[in-house]
Amino acid sequence: MCLLAWANAAAHAKTQAPNQLASSLAADQCLLPAAQRHGVNPHILRAILQVESGMRPHVVSRNRNGSIDVGMAQINSIHFRELAQWGITPERLLDPCVATHVAAWHLKRVMLHHGNTWFGVAAYHSATPVHNQRYQALLRQELVRTGVWR
């Protein structure tokens, strides 16, 4: 199945609340193990998943530059070749648990590169300053909404 077909299926999946709840629960079950394995904060990781997709696992987005973002963690297609080395295909990124682990891995990588700072955390989305600052604000709003940050 091609990714464009997944995008159409994702639009249908958005209306199926029980599936979304099950996917959210699956991600929650994998969240702490993924955060611990990769050494990232589980609250930050969950906020990223919420901001990226609203915890919806079948979201596929096409970007203006022609790349695509896949799954709950919205993993960009620039990472597909590297992920393939570990047997992770774009299809597998639609699995909430796989997506959560890949998100934790990616978050750790960008934080190692950019530092354990808000800029480093928001580099999950973009290292371009204007996009990074916007993403920082979205993460903070999500952390406030969930009561993690006041």
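Residue numbers (the working numbering): 38 to 187.
For glycine and all other residues, C-beta sits at the position ideal for the given N, C-alpha and C.
These numbers were taken from a predicted model, which means no experiment stands behind them.
In the DSSP annotation of this structure, the continuous segment of the beta strand (DSSP E) that includes Ile-105 starts and ends at 105-107. Straight-line measurement puts the Cα of Val-88 at about 7 Å from the Cα of Glu-179. Around the beta carbon of Arg-182, a 10 Å sphere encloses fewer than 16 other beta carbons of the protein chains shown; the residue is thus reported as exposed. In chain order, Ser-104, Ile-105, Asp-106, Val-107 and Pro-127 place their CB closer than 8 Å to the CB of Ser-114, counting only its own chain and leaving out the 5 sequence neighbours on each side.
For Asn-153, no pairing in a beta bridge is given by DSSP. Of the other Cβ atoms in all chains shown, fewer than 16 fall within 10 Å of the Cβ of Gln-66; this residue is therefore exposed. Comparing alpha carbon positions, the residue from Ala-141, His-168 and Gly-184 closest to His-75 is Ala-141.
A check of alpha carbon separations from Phe-156 across Val-185, Ala-63, Arg-118 and Arg-177 identifies Arg-177 as the nearest. Under the three-state reduction of DSSP output, Ser-163 falls in the coil class, being neither helix nor strand. Partner residues in the beta bridge of Val-97, as assigned by DSSP, are Val-107. According to DSSP, residue pairing for Ile-112 in a beta bridge involves Val-107.
Leu-62 places its beta carbon 8 Å or farther from that of His-95.
In terms of Cα proximity to Ala-174, the closest of Ala-71, Pro-70, Pro-79 and Ala-84 is Ala-84.
For Arg-83, the enclosing alpha helix (DSSP H) stretches over residues 79-90. Taking 8 Å as the cut-off, the Cβ atoms of Met-109 and Leu-144 do not count as close.
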